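Residue numbers (the UniProt record's numbering), protein chains in the order written: chain S, 1 to 214; chain C, 1 to 214. Don't be surprised by glycine CBs; every beta carbon is placed ideally from N, CA and C. Note that the coordinates shown come from a computational prediction; the quantities given were computed from them, not determined experimentally. Here's the structure we're looking at; comments come further down.
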């Protein structure tokens, strides 16, 4: 992994998340994502779900049997200074991540386009408000890095303006508005393809980072 | 499913989320959760990850082949007036959910205890700030129902007071503070076992619900 690219000196459209790869772990994660959705979609009355539970348990056993201590895995995960591959929003190794692919723009903003399915549902047919907050918090953090001012979230104020639809292309966008000493003010929004703002956010970050495990 | 229980007329400790069940779909979902964690934990250099990807893909194919149209599944998911089994925070049928089991208290508050692992990581060894926002948003919504004032999130203000640890027991707590016409003000927090407040939230909900699919 390499250091975070910044708007100052990188080209418009720079990918700021882990590049999609064909590594076996990425492929296994992508198939597990299909499985999460399929478990919500499939007929719950069919006969072979018990067998599916057993098969999944056996695969988990097998993976756990070859897992290093969590302290060793943490050191490995956090090696290098680049973007993570394991976070729950963009990580190609994290099944929970949709995953978002975030681009840096020449005007200093960052954006990602995503379509969310049933696992992310809150109100009927719509995105869970907490999921919108999760995606925005992460994209704001990436906007900070793109502006050269990484930090940790101190305050996140999310406004829900209209329900955010599932099964439609959404754009998550963020930019740094102001830097004052250690304080970074960053805003963002989730919009539909026709430009309606569903969720907006105004957040404060502070330039502090937790130490990486060694 | 039955109507939401409320503090007025239910006993202290009432479980407000879907009761844990031994249904095959719940067991398959629980095993898939183990798999999500195991994929983050396992040795990435081992030889059989490609075979795991193929096996997971085959199981997903099999589940998808028996999936009704998404519009039919949505109707089925939203039948009845009780708690959902598919949401990304408490749903026993949603792999993304830790899942939280939320209890209603006689004093009008609700709480859940949970320990989060690697899939929920943000900063090294700590919970992703957006995940904290997701859990709080949901638990606040359940607090509203317990108080008899269900609504949709209009504004969520989250304050991060100290990093929230992974691998430790956390309590997520919420209560309705004030109801003014259609506006519901609800607060909440995430605390460690020794009582440190890591994240606090102050939110505004409005009494409006999206129609259930039919």
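Residues of chain C whose Cβ lies closer than 8 Å to the Cβ of residue 157/S are, in chain order, 155, 156, 157, 158. Taking the CA atoms as reference points, residue 55/C sits about 9 Å from residue 59/S. Cβ-Cβ separation between residue 173/S and residue 199/S: approximately 11 Å, too far for a contact (criterion under 8 Å). Under the three-state reduction of DSSP, residue 45/S is assigned to coil, being neither helix nor strand.
Spatial neighbours of residue 12/C in its own chain (CB-CB distance under 6 Å, excluding positions within 5 residues in sequence) are listed in chain order as 105, 106. Counting C-beta atoms within 10 angstroms of its own C-beta, residue 45/C has fewer than 16 neighbours from the protein chains shown and is therefore classed as exposed.
Counted as a single uninterrupted DSSP element, the beta strand (DSSP E) harbouring residue 174/C occupies residues 169 to 180.
Assignment of beta-bridge partners to residue 152/C by DSSP yields 206/C. With a cut-off of 8 Å on Cβ pairs, the segment 111 to 123 of chain C is not in contact with the segment 109 to 125 of chain S, counting fewer than three such pairs. Following the DSSP letters along the chain, one finds residue 188/S in no alpha helix (DSSP H) but inside the beta strand (DSSP E) bounded by residues 183 to 192.
For residue 107/C, not one C-beta of chain S is nearer than 8 Å to its own C-beta. In this structure, DSSP gives residue 36/C a helical state, which the three-state scheme calls helix. The segment 18 to 26 of chain S makes contact with the segment 79 to 94 of chain S: 3 or more CB pairs, one atom from each, lie closer than 8 Å. Inter-segment contact for the segment 128 to 136 of chain S and the segment 125 to 135 of chain C is present: three or more beta-carbon pairs are separated by less than 8 Å. Of all residues in the segment 30 to 48 of chain S, the ones placed with a Cβ closer than 7 Å to any Cβ belonging to chain C are 31, 32, 34, 35, 36, 38, 39, 40, 41, 42, 43, 44, 46, in chain order.
By the CB criterion at 8 Å, residue 15/S and residue 86/S fall outside the cutoff. The Cβ atoms of residue 210/S and residue 163/C sit closer than 8 Å to each other. Residue nearest to residue 196/S within the set 183/S, 170/S, 207/S, 185/S is 170/S (criterion: CA-CA distance). Remark: C-beta atoms of residue 146/S and residue 124/C do not approach each other more closely than 8 Å. Chain S has no Cβ within less than 8 Å of the Cβ of residue 79/C.
In the DSSP assignment, residue 114/S falls within the beta strand (DSSP E) that extends over 110 to 115. In this structure, 149/C is the residue among 149/C, 205/C, 63/C with its C-alpha nearest to the C-alpha of residue 6/C. Within the segment 59 to 77 of chain C, those residues whose Cβ lies closer than 9 Å to any Cβ of chain S are, in chain order, 59, 60, 61, 62, 63, 64, 65, 66, 67, 68, 70, 73, 74, 76, 77. Sequence-distant partners of residue 191/S (beyond 5 residues in either direction) whose C-beta falls short of 8 Å from its own C-beta, in its chain, are 170, 171, 173, 197, 198. Residue 31/S is not bridged by DSSP to any residue. When DSSP states are grouped into helix, strand and coil, residue 157/S belongs to the strand group. Listed along chain S, the residues sitting closer than 8 Å to residue 135/C by beta-carbon distance are 130. Only those residues of the segment 107 to 128 of chain S whose C-beta falls short of 8 Å from the nearest C-beta of chain C are listed: 118, 119, 120, 121, 122, 123, 124, 125, 126, 128.
Contact annotation, residue 208/S with residue 152/S: C-beta distance approximately 5 Å; criterion of less than 8 Å satisfied.
Beta-bridge partners assigned by DSSP to residue 102/C: 112/C.
With respect to chain S, the C-beta atom of residue 25/C has a partner C-beta closer than 8 Å. Residues of chain S whose Cβ lies closer than 8 Å to the Cβ of residue 57/C are, in chain order, 31, 34. For residue 146/C, the enclosing alpha helix (DSSP H) stretches over residues 129 to 146. Ranking 42/C, 29/C, 204/C, 175/C by CA distance to the CA of residue 38/S puts 29/C first. Neighbours of residue 93/C across chain S, judged by C-beta separation under 9 Å: 39, 40, 44.
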